[in-house]
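Let me begin by presenting the structure, written as structure tokens, before commenting on it.
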Amino acid sequence: MADQILNITSARYASEIIAKFYNSVMNRQLSIHPNHINTNGSHVNLLDQTGQVFHVKFANENFHKFGEFFSDYSGEEGESIDRSIIDNLKDSDIVFFAQPEVIRKCLVEDIKRFGYVRENEADDNTETYSIALSRLEVFL
3 MADQILNITS ARYASEIIAK FYNSVMNRQL SIHPNHINTN GSHVNLLDQT
53 GQVFHVKFAN ENFHKFGEFF SDYSGEEGES IDRSIIDNLK DSDIVFFAQP
103 EVIRKCLVED IKRFGYVREN EADDNTETYS IALSRLEVFL
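Residue numbering for the sequence shown follows the numbering used here, beginning at 3 and increasing consecutively.
Here it is as structure tokens:
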């Protein structure tokens, strides 16, 4: 699968790829729960039989100005996710950040530990967690 161009267009499509991997390679049965799709369709939850949540967020691009907001990571790009989503997940849950050509992942615990909370002025001052790409693991 790693040799293929992914061409991911939505969180739903990314969640199908992730579920297929976990179901076949990891022998964990994940089911797709689109009950957490926001208005632009960029979030989906996957659940396994133990209740662990695999949250999938899709975006066309990275957070390009991450390093401008957080000087410890000058020159780096990152990812962002609404704080309200992270606050409703357990530390052991996993967040997948999907883009058209790559899927990265991170434990919620690590987002809380290494991420930065900021107000997103473009989105009615919604609080977001932002994390450097260097803190994320490439999944596919």
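Just so you know, even glycine gets a beta-carbon here, dropped at the ideal spot from N, CA and C. Bear in mind that the values here come from a model prediction, so they are computed numbers and not experimental data.
Whole angstroms are fine: how far does the CA of residue j sit from the CA of residue i?
i	j	result
N122	T130	7 Å
T41	I87	At T41 the pLDDT is 49, less than 50, meaning the model places this residue with poor confidence and gives no usable figure here.
F141	S73	27 Å
K114	C108	10 Å
L32	A16	13 Å
Mind checking which residues open and close the alpha helix (DSSP H) that includes residue i?
i	result
V27	First-last for V27: undefined, no H or E at that position.
Measure how close the beta-carbons of residue i and residue j come, nearest whole angstrom, since I'm counting them as under 8 Å.
i	j	result
F65	Y75	About 11 Å separates the two Cβ atoms, so there is no contact after all.
V46	R85	Between R85 and V46 the Cβ distance is about 19 Å, and since that is not below 8 Å, they are no contact.
E139	R106	6 Å
A100	I10	5 Å
F98	H35	The pair is not a contact, with the Cβ atoms about 14 Å apart (cut-off 8 Å).
L48	I20	6 Å
E78	S136	6 Å
Q54	S94	7 Å
F60	S44	5 Å
Starting from residue i and walking both ways along the beta strand (DSSP E), at which residues does that stretch end?
i	result
N47	45-50
Quick check on residue i: buried or exposed, where buried means 16 or more other Cβ atoms within 10 Å of its Cβ?
i	result
V110	buried
Inside the segment 57-132 only - alpha helix (DSSP H) runs reaching at least 4 residues: Entirely contained in the segment 57-132, the alpha helix (DSSP H) runs reaching 4 residues are, in chain order, 68-71, 85-89, 110-116.
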